[in-house]
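Student:
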Amino acid sequence: MIRRRGMGILVLCLLLVTASACTTGESRAMTLRVLASPELADMQPLLEDLRRDTGITLSLDYGGPADAGNTLTPGDYHHDLAWLSSDRYFQLKLRESGGAQPLSTNTMRTPVVIGVKPQVAKLLRQTAPDGRLSWADIADRAAAGLLRFGMADPRQSNSGLSALIGVATAAAGTGGALRLGDVTCDRVRGLFTGQTLTAGTSGELTDAYVAHQDDTDALIGYESVLLSLNSSGKLREPLEILYPADGMVMSEYPLLLLNPVQRANYDKIVGWLKQDSTQQKIMQQTLRRPVDTSVPRDPRLTESAGNALYFPDQRQVVDKLLADYADPKLRKPDQVYFLLDFSGSMKGSRISALRSAIAGLSGADDSSGGKFLRFYRDEKFTVIRFGGRVLGEQTYTISGEQDLDAMRDFVAADDFDSETAIWSTVDHAYQEAARNAQQAVSIVLMTDGESNSGMSLDDFLRRPRPAGVPTFTIRFGEANAAELDRAARATGGRMVDANATSLLDAFKEIRGCR
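Anchor point for the sequence shown: position 327 equals 360 in our numbering, and the numbering is continuous, going up by one each time.
Written as structure tokens, this is what we have:
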């Protein structure tokens with residue numbers, strides 16, 4: 034009996050040991066499902082090393098062309114982890130919903146930059162006094178029709194969204210994160226007149242560029258993707274990588290823990306990804322930068338990625354940027370009527386200020402704001418000089434510097450009048466606008482005095498006029514603020530007081546989104 038009992042205990046122990054060994058084996062052979070940004074497909078070779086070293090297999094689910102962060106719904110997760118190029122938009126959604134914040138760890142870094150053909154980059158540098166190019170310089174050249182570029186769709190790709198945010202932030206010029214009031218479509222509208230190529234993902238964009246190298250001068254995208262494209266052997270000439278002096282948005286590839294049960298495995302993965310040897314392999318194979326700046330940098334990467342721009346901290350700001358980008362009306366050139374007061378009171382310093390403002394919007398203003406807000410290619414302008422009657426009227430469609438020169442020459446005329454027929458001139462512009470229904474039309478009125486000829490404001494407001502044509506009024510000098518504000522509001526526009534700022538700033542503000 035004793036012997037049998039001893040044998041039973043021995044067999045039981047062997048069974049327990051075997052079961053324990055099986056359980057241990059099962060825990061080490063672990064597969065985690067990961068919602069991943071599409072460009073992380075280049076990490077697959079390294080994930081084999083992760084499996085060998087930790088026993089953890091990551092099964093990446095790219096989930097279609099849209100960036101994975103946009104598909105994550107707070108509190109409704111179907112994966113163990115998420116590995117994103119950026120989780121900033123997701124974090125905004127999370128904060129809005131009040132959901133718990135998943136553990137997040139950055140794993141590598143790459144900025145959104147501009148790759149430009151060398152000869153084009155040389156020409157671009159001639160516009161920058163110190164040779165350092167900014168987003169403002171890029172916007173200026175694109176608006177003038179001198180730069181054709183490709184960029185991934187920001188509604189689908191984080192690289193495109195980061196580029197859009199980078200340009201808009203630089204255009205706002207505040208030095209901080211974008212606020213809703215900073216988002217004005219015309220600050221980036223000129224830039225996007227130069228966009229000739231787009232795609233849903235970074236990979237699709239580079240494939241499209243390879244197929245259309247002769248039709249495109251530049252690509253806006255991840256530094257790592259553009260450097261990899263340069264070394265692929267697919268280009269007739271490598272792109273020169275430009276790091277905008279006014280800053281870039283950085284993607285940091287955070288790994289998020291969506292399933293708390295997997296915390297121990299998550300810690301193993303993070304530890305493996307952040308060790309120096311892995312960071313070196315990531316850098317060598319994908320050309321993304323290590324999160325630890327002490328890791329020796331690959332010689333193909335510059336010493337510094339430059340200034341980082343803030344990502345907006347309000348979801349409404351990002352949504353407004355995307356809505357403006359997607360609005361087909363904002364892709365079509367407008368017809369704008371400029372009604373410029375040439376009554377006698379405008380002589381001297383006032384007409385000089387007006388001419389300087391027009392020059393600034395036609396490209397002579399060298400500030401960032403001027404470059405972002407300049408007249409751009411294919412815009413159509415009808416400039417009307419008026420006193421007690423129309424003194425001169427000329428229409429320009431911007432195709433090059435010669436059209437801007439002609440507009441400046443037209444405003445340089447000295448045929449001033451002794452009277453001011455403001456509302457008759459505005460009515461004249463509306464009659465002209467009624468014949469341009471195929472385009473979005475707006476009217477900009479600049480005056481420094483009160484109307485003393487022609488119809489009254491009440492007469493004008495009673496007159497029929499085409500719907501959807503706003504009048505924006507710029508008050509200068511002693512102009513009647515109440516009347517200008519009333520007329521602007523009645524037509525769907527607004528008044529800007531140039532006395533409070535400057536005439537150039539007033540014209541820039543008028544060119545904002547409507």
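Ideal placement from N, C-alpha and C gives every residue a C-beta, glycine not left out.
Could you tell me whether the Cβ atoms of Ala341 and Met281 are closer together than 8 Å?
Tutor: It is a contact, given that the beta carbons lie within the stated cut-off.
Student: Does the distance from the CB of Gly482 to the CB of Thr453 come in under 8 Å?
Tutor: Contact flag set, yes.
Student: Can you tell me the Cβ-Cβ gap for Asp374 and Met440, rounded? I've got them flagged as a contact below 8 Å.
Tutor: Going by Cβ atoms, the distance from Asp374 to Met440 rounds to 17 Å, so no, they are not a contact pair.
Student: With a Cβ-Cβ cutoff of 8 Å, do Leu272 and Leu259 count as a contact?
Tutor: It is a contact, given that the beta carbons lie within the stated cut-off.
Student: Mapping the DSSP letters down to three states, classify Met379 as helix, strand or coil.
Tutor: Met379: helix per DSSP, three-state reduction.
Student: Quick one: residues in its chain with C-beta nearer than 6 Å to the C-beta of Thr90, no 5 flanking neighbours on either side, listed in chain order?
Tutor: Excluding residues within five positions, the ones whose Cβ falls inside 6 Å are Thr64, Arg84.
Student: Please check the pair Leu372 and Val459, which I expect to be a contact at CB under 8 Å, by giving their CB distance rounded to whole angstroms.
Tutor: About 6 Å separates the two Cβ atoms, so the contact holds.
Student: According to DSSP, is Phe509 helix, strand or coil?
Tutor: In the structure shown, Phe509 sits in coil (DSSP, three-state: anything other than H, G, I, E or B).
Student: Under 8 Å between the Cβ atoms of Asp113 and Val67?
Tutor: It is a contact, given that the beta carbons lie within the stated cut-off.
Student: Would you call the region 223-242 in contact with the region 127-143, where contact means no fewer than 3 C-beta pairs closer than 8 Å?
Tutor: Result no; under three Cβ-Cβ pairs closer than 8 Å.
Student: Quick check: what's the CA-CA separation for Ser401 versus Thr428?
Tutor: Interpretation of Ser401 is limited by its pLDDT of 46, a score under 50 that renders its predicted location unreliable; the figure taken from the coordinates is listed afterwards. Whole-angstrom Cα-Cα distance: 27 Å.
Student: In whole angstroms, what is the alpha-carbon distance linking Ser389 and Ser327?
Tutor: Their Cα atoms are separated by approximately 50 Å.
Student: Thinking just about the alpha-carbon of each residue, which of Ser385, Lys155, Gly233 is nearest to the one in Gln189?
Tutor: Selected option, being the one with the closest Cα: Gly233.
Student: Please go through the same chain and pick out, in chain order, the residues whose beta-carbon is closer than 8 Å to the beta-carbon of Leu536, but skip the five residues on each side of it.
Tutor: Taken in chain order, the residues that qualify are Ala386, Leu387, Ser389, Ala390, Met479, Ile507, Phe509.
Student: Can you pull the DSSP bridge partners for Ala531?
Tutor: None; Ala531 has no bridge partner.
Student: Residues in its own chain within less than 6 Å of Arg410 by CB, not counting five upstream and five downstream?
Tutor: Once the five neighbours on either side are set aside, the close Cβ partners of Arg410 are Gly178, Thr226, Ile431.
Student: Among the candidates Gly164, Asp436, Ile274, whose CA atom is the shortest distance from the CA of Val145?
Tutor: Checked all of Gly164, Asp436, Ile274; the closest Cα to Val145 is Ile274.
Student: On the DSSP letters alone, give me the boundaries of the beta strand (DSSP E) that Phe419 sits inside.
Tutor: Note, Phe419: beta strand (DSSP E), 413-419.
Student: Go to Tyr463, then tell me how far its alpha helix (DSSP H) extends in each direction, as first and last residue.
Tutor: Where Tyr463 is concerned, the enclosing alpha helix (DSSP H) stretches over 455-466.
Student: In chain order, what residues of the same chain have a beta carbon less than 8 Å from the beta carbon of Leu79, not counting five sequence neighbours either side?
Tutor: Closer than 8 Å at Cβ, skipping near neighbours: Thr311, Lys314, Ile315, Gln318.
Student: Is the beta carbon of Leu117 closer than 8 Å to that of Ser70?
Tutor: Yes, they are a contact pair.
Student: Apply the 10 Å Cβ neighbour rule to Pro345 and answer buried if 16 or more other Cβ atoms are within range, or exposed otherwise.
Tutor: Under this definition Pro345 is a buried residue.
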